[in-house]
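In what follows, a single structure is set out as structure tokens and then discussed.
There are 2 protein chains.
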Amino acid sequence: MAYDGTAYCGWQVQPSGITIEEVLNRELSKLLGEEIQVIGASRTDSGVHSLGNVAVFDTRTRIPPGKLCYALNQRLPEDIVVQSSCEVAGDFHPRRCYSEKTYEYRILNRQIPLPTLRKYTYFYYRSLDVAKMQQAASFFLGEHDFKSFCSVKTTVEDTVRTVLSCTVERTKDDVVVICVTGTGFLYNMVRIMAGTLIQVGIGELEPDDIAKILAKRERSAAGPTAPAHGLTMIGIAYGQPF
Amino acid sequence: MAYDGTAYCGWQVQPSGITIEEVLNRELSKLLGEEIQVIGASRTDSGVHSLGNVAVFDTRTRIPPGKLCYALNQRLPEDIVVQSSCEVAGDFHPRRCYSEKTYEYRILNRQIPLPTLRKYTYFYYRSLDVAKMQQAASFFLGEHDFKSFCSVKTTVEDTVRTVLSCTVERTKDDVVVICVTGTGFLYNMVRIMAGTLIQVGIGELEPDDIAKILAKRERSAAGPTAPAHGLTMIGIAYGQPF
Numbered sequence: 060m061a062y063d064g065t066a067y068c069g070w071q072v073q074p075s076g077i078t079i080e081e082v083l084n085r086e087l088s089k090l091l092g093e094e095i096q097v098i099g100a101s102r103t104d105s106g107v108h109s110l111g112n113v114a115v116f117d118t119r120t121r122i123p124p125g126k127l128c129y130a131l132n133q134r135l136p137e138d139i140v141v142q143s144s145c146e147v148a149g150d151f152h153p154r155r156c157y158s159e160k161t162y163e164y165r166i167l168n169r170q171i172p173l174p175t176l177r178k179y180t181y182f183y184y185r186s187l188d189v190a191k192m193q194q195a196a197s198f199f200l201g202e203h204d205f206k207s208f209c210s211v212k213t214t215v216e217d218t219v220r221t222v223l224s225c226t227v228e229r230t231k232d233d234v235v236v237i238c239v240t241g242t243g244f245l246y247n248m249v250r251i252m253a254g255t256l257i258q259v260g261i262g263e264l265e266p267d268d269i270a271k272i273l274a275k276r277e278r279s280a281a282g283p284t285a286p287a288h289g290l291t292m293i294g295i296a297y298g299q300p301f
Numbered sequence: 060m061a062y063d064g065t066a067y068c069g070w071q072v073q074p075s076g077i078t079i080e081e082v083l084n085r086e087l088s089k090l091l092g093e094e095i096q097v098i099g100a101s102r103t104d105s106g107v108h109s110l111g112n113v114a115v116f117d118t119r120t121r122i123p124p125g126k127l128c129y130a131l132n133q134r135l136p137e138d139i140v141v142q143s144s145c146e147v148a149g150d151f152h153p154r155r156c157y158s159e160k161t162y163e164y165r166i167l168n169r170q171i172p173l174p175t176l177r178k179y180t181y182f183y184y185r186s187l188d189v190a191k192m193q194q195a196a197s198f199f200l201g202e203h204d205f206k207s208f209c210s211v212k213t214t215v216e217d218t219v220r221t222v223l224s225c226t227v228e229r230t231k232d233d234v235v236v237i238c239v240t241g242t243g244f245l246y247n248m249v250r251i252m253a254g255t256l257i258q259v260g261i262g263e264l265e266p267d268d269i270a271k272i273l274a275k276r277e278r279s280a281a282g283p284t285a286p287a288h289g290l291t292m293i294g295i296a297y298g299q300p301f
């Protein structure tokens with residue numbers, strides 16, 4: 060599932076506004092003539108974008124699984140596009156099996172904003188030291204208690220997660236891209252990681268402060284939550300690790 | 060001037076809808092307390108984007124020229140952002156002196172659209188042969204009569220123009236980028252060049268057909284006008300050539 064999150068109140072159905080899940084349920088139900096309820100892999104926040112989220116549902120349809128995305132895309136608005144569709148095992152649950160999820164947080168780091176990037180990057184004009192941010196990012200690697208990098212609104216008790224990769228690069232277009240892959244993420248985790256890496260980038264924190272912040276296990280130790288529109292769900296790889 | 064052209068009826072003031080020029084004139088006049096009338100370098104069409112268009116105007120303001128862009132950006136909508144401002148000679152006219160203008164035409168060339176690129180690329184699902192398009196592009200180089208690559212709606216009589224560079228590349232994100240630099244362009248010229256290069260990319264035309272189309276000097280010989288939203292005015296370099 061690729062989508063432009065700008066116009067949506069995130070993935071999950073909720074009373075306050077229209078969500079990606081709601082549009083999918085509605086259009087799939089109409090297309091297939093059955094009541095469809097999708098299960099999403101990444102329940103992205105309001106304003107977050109996606110290139111590769113995953114949704115799973117049960118159906119009795121006879122439309123070939125690989126063709127379903129074309130039929131569905133005919134009905135979806137232009138800001139939601141299914142990239143591919145396939146049949147999975149009946150007991151497959153997109154959040155309950157091993158997966159590696161990748162997110163990118165994109166920061167437009169220059170003096171003056173660019174209108175064509177305004178919806179897909181967080182504009183930040185103070186100059187960021189990307190080498191220091193990359194050093195800091197390496198402290199996230201491995202299994203840690205990420206409680207400091209989790210919204211206090213969470214209901215999750217186990218806040219230990221594994222980050223497999225975390226890189227920071229500057230493109231030729233002044234976009235600083237933070238790319239994180241992990242086997243699971245807490246509520247707002249990538250956005251708080253990004254907000255904290257920005258503090259390293261401007262010299263408010265040193266790279267090895269990340270280790271100290273992790274050790275504190277409290278949200279107030281980390282930096283601010285970076286805005287949602289800079290975040291994109293890139294993709295999810297399923298299957299056991301080597 | 061950078062702008063997202065999605066919401067505008069192009070650059071030039073006209074009765075049928077709001078234009079970039081109109082917004083600039085209105086906000087500059089309010090900011091400076093004088094009646095301001097800008098002169099644009101590239102009068103981009105409805106829906107065309109810009110990273111580097113140029114606008115010039117006369118003013119008696121005492122705001123330092125380099126600071127003017129910051130003051131103006133405070134008033135402009137988020138889809139129009141002045142990238143820099145400076146004083147120029149009193150007789151400088153942005154369309155009457157030697158300049159090298161660069162445009163990019165961007166084509167998203169894959170099976171299925173991507174929502175986050177839908178406003179800034181032309182989605183085209185048939186596979187494009189970029190090597191052939193690049194061969195074809197080389198026929199545009201130099202001074203030619205581009206009458207075949209000019210909208211019939213034009214009022215211009217001299218249709219000879221010089222193309223300094225024309226490259227075609229595929230990015231890792233499946234975007235085919237046609238980048239054209241020239242000392243002047245006709246009405247719809249880049250969009251007709253793009254539409255014709257696409258025909259080469261799918262094998263409807265051979266690269267050397269470009270020479271034949273140029274020789275015919277009639278609009279109907281060239282390919283279709285590619286849609287406006289794939290086009291971006293990249294920048295303008297002023298000054299005499301070597």
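Residue numbers (this note's numbering), protein chains in the order written: chain Y, 60 to 301; chain V, 60 to 301.
Backbone N, C-alpha and C define an ideal beta-carbon position, used for all residues, glycine too.
Since the structure is predicted, the reported quantities are computational estimates derived from the model, not experimental observations.
So is residue i buried or exposed if we call it buried at 16+ other beta carbons inside 10 Å?
i, result
"Arg-165 of chain V", "buried"
"Cys-225 of chain Y", "buried"
"Glu-228 of chain V", "exposed"
"Val-211 of chain Y", "exposed"
"Val-303 of chain Y", "In the structure displayed, chain Y extends from 60 to 301; residue 303 of chain Y sits before or after that span and is not available."
"Gly-298 of chain Y", "exposed"
Among the options, which has the Cα closest to the Cα of residue i?
i, options, result
"Phe-244 of chain Y", "Y:Gly-149, Y:Asp-188, Y:Ala-270 and Y:Gly-201", "Y:Gly-201"
"Tyr-183 of chain Y", "Y:Ala-253, Y:Lys-191 and Y:Ile-272", "Y:Ala-253"
"Phe-151 of chain V", "V:Tyr-129, V:Val-235, V:Arg-119 and V:Ile-98", "V:Ile-98"
"His-108 of chain V", "V:Tyr-162, V:Glu-93 and V:Lys-206", "V:Tyr-162"
"Ile-269 of chain V", "V:Thr-230, V:Ala-196 and V:Val-211", "V:Ala-196"
"Asp-138 of chain V", "V:Asn-84, V:Tyr-62 and V:His-288", "V:Tyr-62"
"Ile-295 of chain Y", "Y:Thr-240, Y:Lys-275 and Y:Pro-266", "Y:Thr-240"
"Ser-105 of chain V", "V:Arg-134, V:Glu-228, V:Tyr-297 and V:Ser-75", "V:Ser-75"
"Ile-122 of chain Y", "Y:Ser-144, Y:Arg-102, Y:Val-140 and Y:Ser-101", "Y:Ser-144"
"Thr-120 of chain Y", "Y:Leu-87, Y:Ala-148, Y:Thr-103 and Y:Val-141", "Y:Leu-87"
"Ala-100 of chain V", "V:Glu-94, V:Ala-130 and V:Glu-80", "V:Glu-80"
"Thr-218 of chain Y", "Y:Gln-194, Y:Lys-275, Y:Leu-264 and Y:Leu-127", "Y:Lys-275"
"Tyr-246 of chain V", "V:Arg-278, V:Lys-126, V:Ala-66 and V:Asp-267", "V:Arg-278"
"Glu-146 of chain Y", "Y:Arg-134, Y:Gly-125, Y:Arg-155 and Y:Gln-170", "Y:Gly-125"
"Arg-155 of chain V", "V:Asp-233, V:Asp-267 and V:Thr-242", "V:Thr-242"
"Arg-49 of chain V", "V:Lys-89, V:Glu-94, V:Gln-170 and V:Glu-265", "With chain V covering only 60 through 301, there is no way to say anything about residue 49 of chain V."
"Gln-170 of chain Y", "Y:Ala-130, Y:Gln-194, Y:Asp-233 and Y:Glu-93", "Y:Asp-233"
"Val-249 of chain Y", "Y:Glu-93, Y:Thr-284 and Y:Ala-130", "Y:Thr-284"
Straight-line CA distance for residue i to residue j?
i, j, result
"Pro-286 of chain V", "Leu-256 of chain V", "13 Å"
"Val-113 of chain V", "Ile-293 of chain V", "11 Å"
"Asn-168 of chain V", "Thr-221 of chain V", "28 Å"
"Phe-301 of chain V", "Ala-190 of chain V", "With a pLDDT of 47 at Phe-301 of chain V, under the threshold of 50, the modelled position of that residue is not reliable, and the figure given next carries that caveat. Looking at the two C-alpha atoms, the distance is approximately 31 Å."
"Leu-173 of chain V", "Thr-180 of chain Y", "16 Å"
"Leu-110 of chain Y", "Pro-136 of chain Y", "15 Å"
"Lys-160 of chain V", "Leu-187 of chain Y", "31 Å"
"Leu-91 of chain V", "Asp-117 of chain V", "11 Å"
"Val-115 of chain V", "Met-60 of chain V", "11 Å"
"Leu-223 of chain V", "Phe-198 of chain V", "11 Å"
"Phe-208 of chain Y", "Gly-282 of chain Y", "9 Å"
"Gly-262 of chain V", "Lys-271 of chain V", "16 Å"
"Gly-69 of chain Y", "Thr-78 of chain Y", "5 Å"
"Ala-177 of chain V", "Gln-73 of chain V", "Note that residue 177 of chain V is Arg in the sequence shown, not Ala. One C-alpha to the other measures close to 26 Å."
"Ile-251 of chain V", "Asp-204 of chain V", "14 Å"
"Cys-238 of chain V", "Met-192 of chain Y", "33 Å"
"Gln-96 of chain V", "Asn-84 of chain V", "6 Å"
"Lys-231 of chain V", "Thr-175 of chain Y", "20 Å"
"Gly-289 of chain Y", "Arg-185 of chain Y", "16 Å"
"Tyr-157 of chain V", "Thr-103 of chain Y", "50 Å"
"Ala-311 of chain V", "Val-235 of chain Y", "Nothing in the structure corresponds to residue 311 of chain V, since chain V is present only between 60 and 301."
"Asn-132 of chain Y", "Val-82 of chain Y", "12 Å"
"Cys-128 of chain V", "Ala-66 of chain Y", "30 Å"
"Val-141 of chain V", "Pro-153 of chain Y", "45 Å"
"Gln-258 of chain V", "Lys-206 of chain V", "18 Å"
"Thr-213 of chain Y", "Gln-71 of chain Y", "15 Å"
"Glu-94 of chain Y", "Ala-130 of chain Y", "17 Å"
Per DSSP, which residues does residue i bridge with? Please list them.
i, result
"Ser-224 of chain Y", "Y:Thr-240"
"Ala-190 of chain Y", "Answer is none; Ala-190 of chain Y lacks a bridge partner."
"Phe-182 of chain V", "V:Leu-167"
"Val-234 of chain Y", "Y:Leu-167"
"Gly-201 of chain V", "V:Val-222"
"Ala-196 of chain V", "Its beta-bridge partners do not exist; DSSP assigns none."
"Arg-229 of chain Y", "Y:Val-235"
"Gln-296 of chain V", "The question names Gln, yet the displayed sequence has Ala at residue 296 of chain V. According to DSSP, which records beta bridges pairwise, Ala-296 of chain V is partnered with V:Glu-159."
"Ala-61 of chain Y", "Y:Val-140"
Worksheet item: What are the uninterrupted segments assigned as alpha helix (DSSP H) that are 4 or more residues long and contained completely in the segment 108-162 of chain V, given in chain order?
Response: 127-132
Worksheet entry | 4 or more residues per run - each alpha helix (DSSP H) lying fully within the segment 238-294 of chain Y | Counting whole runs of 4 or more residues, the segment 238-294 of chain Y contains the alpha helix (DSSP H) stretches 248-260 and 268-275.
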